[in-house]
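**Q** Just remember that the numbering used here sits 360 ahead of the position in the sequence shown, which is counted from 1. Virtual Cβ for every residue (Gly too), placed ideally from N, Cα, C. My questions all concern the structure below.
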Amino acid sequence: GDDSSGYVNFVSHNIDDLDFTALSNTALKKCKKSKNPKEVEPGKYEVILEPAAVANLLEWMNFIAFGSKAFQEETSCLAGRVGEQIMGPNISIYDDALNTAGVPFPFDLEGVAKKQVDFVTGGVAKGVVYDTISGHKEHKQSTGHALMPSESGEGAMPLNVFIKPGDSSLEQMISNVEKGILVTRFHYINGFLDTRKALMTGMTRDGTFLIKNGKLSNGIKNLRFTDSMLDVFSNVAEISSESVSIPGWWDAMGCNHVPAMRVSEFNFSGKTDF
361 GDDSSGYVNF VSHNIDDLDF TALSNTALKK CKKSKNPKEV EPGKYEVILE
411 PAAVANLLEW MNFIAFGSKA FQEETSCLAG RVGEQIMGPN ISIYDDALNT
461 AGVPFPFDLE GVAKKQVDFV TGGVAKGVVY DTISGHKEHK QSTGHALMPS
511 ESGEGAMPLN VFIKPGDSSL EQMISNVEKG ILVTRFHYIN GFLDTRKALM
561 TGMTRDGTFL IKNGKLSNGI KNLRFTDSML DVFSNVAEIS SESVSIPGWW
611 DAMGCNHVPA MRVSEFNFSG KTDF
């Protein structure tokens with residue numbers, strides 16, 4: 361409609377996993393339910409982040425935090441903090457290019473076999489990915505994460521990133537929210553505000569809903585968020601048991617395999633008229 365939209369995103373290496381009817385129905389239901397959106401004031405809310413929204417945030421973390429260039433230039437939130445608790449104990453993030461739940465790709469563009477790399481385990485910072493050049497700078501072997509050589513010299517980047525699932529369902533998480541907001545996805549994210557804090561800003565899009573007394577209520581007008589991902593991932597109260605593979609937008613060779621999350625506090629800094 362003129363004042364509503366819906367969205368769904370999914371990728372698989374197996375065409376039998378793609379249920380186009382179910383996917384399109386999900387987007388259509390969101391579009392219908394978000395008609396005549398109401399305005400809400402910005403502030404701190406409990407939120408449900410659907411997998412696409414989690415993937416949008418994680419995609420930026422892959423770029424500003426988990427790659428070798430950001431780590432070695434000390435702009436990454438992991439730099440100087442390996443071994444420290446930087447997120448909640450229920451958060452584990454890793455790259456696993458051989459996991460068939462994602463989009464497996466066994467070697468990088470230098471021909472080096474990929475290895476699983478842990479970025480955060482139980483909330484503790486662990487490390488980043490390397491290619492041959494960046495690994496040499498720290499006397500480490502490549503982890504198999506070289507990209508196509510470019511003038512920008514972005515260094516190694518993770519492309520097949522997983523967040524460890526929890527034990528809740530999306531419905532259970534919604535039922536545990538007295539008053540909050542469900543976010544389908546984000547767009548126009550800027551992750552360069554303060555990379556050491558993983559501070560980002562962006563907009564909600566394609567289905568943002570108010571939650572009242574444990575139930576989805578009306579659609580709401582889009583909001584701008586501004587928050588540190590270290591804080592967001594420290595405030596995760598529940599994680600879904602089911603994960604979804606969301607295609608990455610930095611590169612076509614991978615995906616982010618992520619669950620939905622209930623975050624106890626998420627900062628919305630502005631509102632829109634649409």
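1. Where do the N-terminal and C-terminal ends of the alpha helix (DSSP H) with residue 593 fall, by residue?
2. Look up residue 409 in the DSSP assignment and give the residues it is bridged to.
3. Is residue 416 helix, strand or coil when you go by DSSP?
4. By how many angstroms is the C-alpha of residue 535 removed from the C-alpha of residue 528?
5. Using three-state DSSP, classify residue 616 as helix, strand or coil.
6. Using the rule of at least 16 other Cβ atoms within 10 Å of the residue's Cβ for burial, across every protein chain shown, is residue 541 buried or exposed?
7. Tell whether a beta-carbon distance below 7 Å holds between residue 624 and residue 595.
8. What span of residues does the alpha helix (DSSP H) with residue 493 cover, start to end?
9. Hey, how far is the Cα of residue 493 from the Cα of residue 435?
10. Counting only the same chain and skipping the five closest in sequence on each side, list residues whose C-beta sits under 7 Å from that of residue 616.
11. Could you tell me which of 481, 483, 473 sits nearest to residue 490, measuring between CA atoms?
12. Which residue comes first and which comes last in the beta strand (DSSP E) that contains residue 572?
13. Does the beta-carbon of residue 587 have 16 or more other beta-carbons within 10 angstroms, so that it is buried, or is it exposed?
14. Are the Cβ atoms of residue 564 and residue 550 separated by less than 7 Å?
15. Could you tell me which residues DSSP pairs with residue 550 in its beta bridges?
16. Give me the Cα-Cα distance between residue 633 and residue 500, rounded to the nearest whole angstrom.
17. Can you tell me whether DSSP reads residue 576 as helix, strand or coil?
**A** Well, looking at it:
1. Boundaries cannot be given for residue 593, as no alpha helix (DSSP H) includes it and DSSP labels it neither H nor E.
2. Partner(s): 543, 621.
3. In the structure shown, the three-state DSSP call for residue 416 is helix.
4. Their backbone Cα atoms lie some 11 Å apart in a straight line.
5. Secondary structure of residue 616 (DSSP, three-state): strand.
6. Residue burial is scored here from C-beta neighbours: residue 541 has at least 16 other C-beta atoms within 10 angstroms and is therefore classed as buried.
7. The Cβ-Cβ distance between residue 624 and residue 595 falls below 7 Å.
8. Counting along the chain, residue 493 sits inside the alpha helix (DSSP H) bounded by residues 492-497.
9. It is roughly 18 Å from the alpha-carbon of residue 493 to the alpha-carbon of residue 435.
10. Taking C-beta separations shorter than 7 Å and ignoring five residues to either side along the sequence, the partners of residue 616 in its chain run 415, 418, 419, 521, 606, 608, following chain order.
11. Closest option to residue 490, Cα to Cα, is 473.
12. For residue 572, the enclosing beta strand (DSSP E) begins and ends at 559-572.
13. Around the beta carbon of residue 587, 16 or more other beta carbons sit within 10 angstroms, so the residue counts as buried.
14. Contact: no.
15. Beta-bridge analysis with DSSP links residue 550 to 561.
16. Roughly 51 Å between the two C-alpha positions.
17. Look at residue 576 here: in three-state DSSP terms it is strand.
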